[in-house]
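The listed protein sequences derive, respectively, from chains A and B. First residue of the first sequence? That's 1 in our numbering, and the numbers climb one at a time after it. First residue of the second sequence? That's 1001 in our numbering, and the numbers climb one at a time after it. Structure, as structure tokens:
There are 2 protein chains.
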Amino acid sequence: MDISRIEAAARRLDGHARRTPLLSSPFLDEIAGRRVLVKAECLQHTGSFKFRGAWSAISALDPDVRAKGVIAFSSGNHAQGIAAAARAHGIPAVIVMPSDAPAAKVAGTRGLGAEVVPYDRATEDRDAIGARLAGERGLTLIKPFDEPEVIAGQGTCGLEIVGQAAEAGVTEADVIVCCGGGGLTSGIALALEAYGPDLRARPAEPQGFDDVRRSLAEGGIRRNAALSGNICDAIVTPQPGDLTFPIMQRLCGPGLAVSEDEALRAMQLTFRHLKIVAEPGGAVALAAALFRPNEITGDAVICTVSGGNVDPEVFARALAMPA
Amino acid sequence: MDISRIEAAARRLDGHARRTPLLSSPFLDEIAGRRVLVKAECLQHTGSFKFRGAWSAISALDPDVRAKGVIAFSSGNHAQGIAAAARAHGIPAVIVMPSDAPAAKVAGTRGLGAEVVPYDRATEDRDAIGARLAGERGLTLIKPFDEPEVIAGQGTCGLEIVGQAAEAGVTEADVIVCCGGGGLTSGIALALEAYGPDLRARPAEPQGFDDVRRSLAEGGIRRNAALSGNICDAIVTPQPGDLTFPIMQRLCGPGLAVSEDEALRAMQLTFRHLKIVAEPGGAVALAAALFRPNEITGDAVICTVSGGNVDPEVFARALAMPA
């Protein structure tokens, strides 16, 4: 992986992905005790940065291969990104999803034109189903993060951050990134390495599901003990990726971890002061910036709000938090 | 008022106001039965388009006059726009506000550096207080809509709409604008007249508070029977302005009016599909686009979401509406 791959992805995404705004509010600056800039990837197509990686991967395929279609395993933001990017390319998308996935997510993915293939988590093998479908139809599997063209697509967010932060007068800052498998974090880190010498990527995760933070601290890949039971489930993955971890290890500062309540409070504060909708997993970076000031140095911090796909019931919980 | 005044305002706003994004979602297109583009002015500084007019008016003042400061009557979005624009110019701002205004609005305005002067609605004369303060301190009154430089500032939103819609391939559409006194509507209408010959501005209001719709239909200024009791209070004004009405009469298509429930549902749909926060009065244009399809012609419609300053309790009501 090098910067030329991200730059090539940026050219393919031009005119298709949104250049999301870099927002700010004096009220957030005051809470954080330093200047806060927020990259609003919740405003990306399909409501999360995942559209970037999906578009990058699909647009990079050989046209004959691409025409047969793509397949992904996901019940979340990756599924929607793939579905929308595939539809815009005029190719079929198959999303293999647990049969107990929320109806809204199934409907949302189908609404973007994808075929949803449900499987029973207890009795069926997801990978076997995917391999069979891929073999029968010639579909290409697009992995959610540990895939070079996906990392390159997410890295385009980092290119935008460098440019937009400079426009705002910020060239030196920690760039805190909501981190699951590390696709967005490693992509942004590569972009900062090339163009933002005094910008440093740092992963943010939910407490208790901070596999990347621990992996970085301990110098090798560590797993999460559990994979569910946190409101930030969307960014909980078993462990950092084989491709993403070495990039993060080389380039990233220490990880940060926040509580569920802190993520919910950050969601309320984005509602109040930025007028954007953050999902819990998309709010952990801002939560770290606001509520972990002693773990950050410097006059400015940049955070991703990486997605906004949250159920109304969960958002209502954030609204009900103490201000 | 002519377009050169809007263009001059645009030059003064450049680098200070945000160029807010024009958003869309295939799910909204499906509900509306046509393509829907949403100008997200809730992402403007201070959470509403009012910052544009405030900046325009303050930046247009003679420097010696400006240095003495500005004064405004408002407990809402205009107050915050004036406060933020005055602070950025390094000048004092005095906001005269009813003493029973919500504490959050008082704190928000003070948080932006303005001096809040409360008055008792029952026993004190707001205009007399304002005149006294203005006389004593040499403050300039910035009216909320019936003021040429304010209209010019709001018109910059229309310039952006023309350009962004063309980028999205839309040059022919109704442009539905959330309408109180008509500053935003008339400003946008002037911009469309100059640069979007096949774009037509149309005001949207709450049912029962549709003074502009009735004024346009009946060919003269009509008043609202009441001034409170609607969830969209922020855009309820007594009647169209003396400056704004003739512009709207010359340039605008028929007005549209929506119910409180429709505004709340539109708020939920912007939450679900665009990941932005709309206040009730900021959602009426989108509500009209989604729920009044028979009053609109053409393949595309453009709506402003003009503000996002809504209390968590009210937003929770929108989230609880049937999907």
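Every residue gets a Cβ at the ideal spot worked out from N, C-alpha and C, and that includes glycine. Model, not experiment: these values are computed from the prediction.
On the criterion of 16 or more Cβ atoms from any shown chain inside 10 Å, does residue i qualify as buried, or is it exposed?
{"i": "Ala-122 of chain A", "result": "exposed"}
{"i": "Arg-1005 of chain B", "result": "buried"}
{"i": "Glu-1147 of chain B", "result": "buried"}
{"i": "Asn-1294 of chain B", "result": "exposed"}
{"i": "Glu-1124 of chain B", "result": "exposed"}
{"i": "Ser-1228 of chain B", "result": "exposed"}
{"i": "Val-1301 of chain B", "result": "buried"}
{"i": "Arg-265 of chain A", "result": "buried"}
{"i": "Glu-172 of chain A", "result": "exposed"}
{"i": "Val-65 of chain A", "result": "exposed"}
{"i": "Ala-323 of chain A", "result": "exposed"}
{"i": "Arg-1213 of chain B", "result": "buried"}
{"i": "Gly-1219 of chain B", "result": "exposed"}
{"i": "Glu-313 of chain A", "result": "exposed"}
{"i": "Ser-99 of chain A", "result": "exposed"}
{"i": "Arg-12 of chain A", "result": "buried"}
{"i": "Glu-167 of chain A", "result": "exposed"}
{"i": "Ala-1152 of chain B", "result": "buried"}
{"i": "Pro-1063 of chain B", "result": "exposed"}
{"i": "Pro-1197 of chain B", "result": "exposed"}
{"i": "Gly-1047 of chain B", "result": "buried"}
Go through its chain and collect everything with a Cβ distance to residue i's Cβ below 8 Å, but skip five positions before and after it.
{"i": "Val-1117 of chain B", "result": "Val-1094, Ile-1095, Val-1096, Met-1097, Ile-1129, Leu-1133"}
{"i": "Ala-1234 of chain B", "result": "Gly-1076, Asn-1077, Gly-1180, Glu-1279, Pro-1280, Gly-1281, Gly-1282, Gly-1307, Asn-1309"}
{"i": "Gly-253 of chain A", "result": "Asp-174, Arg-200, Ala-201, Arg-202"}
{"i": "Gly-298 of chain A", "result": "Arg-34, Glu-172, Ala-173, Asp-174"}
{"i": "Gln-268 of chain A", "result": "Ala-318, Leu-319, Met-321, Ala-323"}
{"i": "Asp-311 of chain A", "result": "Pro-102, Ala-104"}
{"i": "Arg-1019 of chain B", "result": "Glu-1160"}
At a cut-off of 7 Å, would you count residue i as near the ligand PLP, judging by its Cβ distance to the nearest heavy atom?
{"i": "Ile-1247 of chain B", "result": "Absence of the ligand PLP is noted for the structure shown, with no ligands found whatsoever."}
Excluding five sequence neighbours on each side, which residues of the same chain lie with their C-beta closer than 7 Å to the C-beta of residue i?
{"i": "Arg-223 of chain A", "result": "Asp-211, Pro-238, Gln-239"}
{"i": "Phe-946 of chain B", "result": "It is not possible to answer for residue 946 of chain B, since the shown part of chain B is limited to 1001 through 1323."}
{"i": "Lys-1068 of chain B", "result": "Arg-1137, Gly-1138, Leu-1139"}
{"i": "Ala-101 of chain A", "result": "Ser-75"}
{"i": "Ala-10 of chain A", "result": "Thr-156, Leu-159"}
{"i": "Asp-1242 of chain B", "result": "Asp-1146"}
{"i": "Gly-108 of chain A", "result": "Gln-80"}
Going along the chain, which residues of its own chain have a beta-carbon closer than 6 Å to the beta-carbon of residue i, five neighbours each way excluded?
{"i": "Lys-105 of chain A", "result": "Ser-75"}
{"i": "Ile-1221 of chain B", "result": "Ser-1215, Gln-1239, Pro-1240, Phe-1245"}
{"i": "Ala-88 of chain A", "result": "none"}
{"i": "Glu-1031 of chain B", "result": "A quick correction: the sequence has Ile, not Glu, at residue 1031 of chain B. The residues are Leu-1290."}
{"i": "Glu-1262 of chain B", "result": "Ala-1287, Phe-1291"}
{"i": "Ile-1296 of chain B", "result": "Asp-1174"}
{"i": "Leu-22 of chain A", "result": "Leu-37, Lys-39, Gln-164"}
{"i": "Val-1150 of chain B", "result": "Gly-1053, Ala-1057, Gly-1183"}
{"i": "Cys-303 of chain A", "result": "Val-38, Ile-176, Ala-285, Leu-286, Ala-289"}
{"i": "Pro-1092 of chain B", "result": "Gly-1069"}
{"i": "Tyr-195 of chain A", "result": "Val-162"}
Within 8 Å of chain B by C-beta, residues of the stretch 8-19 of chain A in sequence order: Arg-18
Residues within the stretch 39-57 of chain A neighbouring chain B, beta-carbon criterion of under 7 Å: Cys-42, Leu-43, Gly-47
Segment contact, 8 Å Cβ cut-off, at least three pairs: the stretch 1041-1055 of chain B with the stretch 267-284 of chain A: yes
Given a limit of 9 Å on CB to CB distance, which residues of the stretch 1025-1036 of chain B reach chain A? Ser-1025, Pro-1026, Phe-1027, Glu-1030
The stretch 1108-1137 of chain B: which residues have C-beta closer than 9 Å to a C-beta of chain A, in chain order? Gly-1108, Gly-1111, Leu-1112, Gly-1113
Minimum length 4: unbroken alpha helix (DSSP H) runs contained in the stretch 1207-1243 of chain B: 1211-1218
Counting pairs of Cβ atoms below 8 Å between the stretch 248-261 of chain A and the stretch 1288-1302 of chain B, do you hit three or more? no
Segments of 3+ residues assigned as beta strand (DSSP E) that fall wholly inside the stretch 69-141 of chain A: 70-73, 93-98, 115-119
Using a Cβ-Cβ cut-off of less than 9 Å, give me the residues of the stretch 263-276 of chain A that come near chain B, in sequence order. Gln-268, Thr-270, Phe-271, Arg-272, His-273, Leu-274, Lys-275, Ile-276
Is there contact here, the stretch 157-177 of chain A with the stretch 188-197 of chain A, by at least three beta-carbon pairs under 8 Å? yes
Of all the residues that make up the stretch 294-317 of chain A, which are near chain B by a beta-carbon distance shorter than 7 Å? Gly-308, Pro-312, Phe-315, Ala-316
My parser needs the alpha helix (DSSP H) runs of 4 or more residues fully inside the stretch 239-278 of chain A; what are they? 244-251, 260-273
In chain order, what residues of the stretch 229-252 of chain A put their CB closer than 8 Å to some CB of chain B? none
Identify each residue in the stretch 1181-1195 of chain B for which the Cβ-Cβ distance to at least one residue of chain A is less than 7 Å, and report them in chain order. none
Which of the residues in the stretch 1142-1166 of chain B, read from start to end, lie with their CB under 9 Å from any CB of chain A? none
Entirely enclosed beta strand (DSSP E) segments - the stretch 1161-1199 of chain B, minimum 3 residues: 1173-1178
Using a Cβ-Cβ cutoff of 9 Å, what residues of the stretch 1076-1098 of chain B are near chain A? List them in chain order. Ala-1084, Arg-1087
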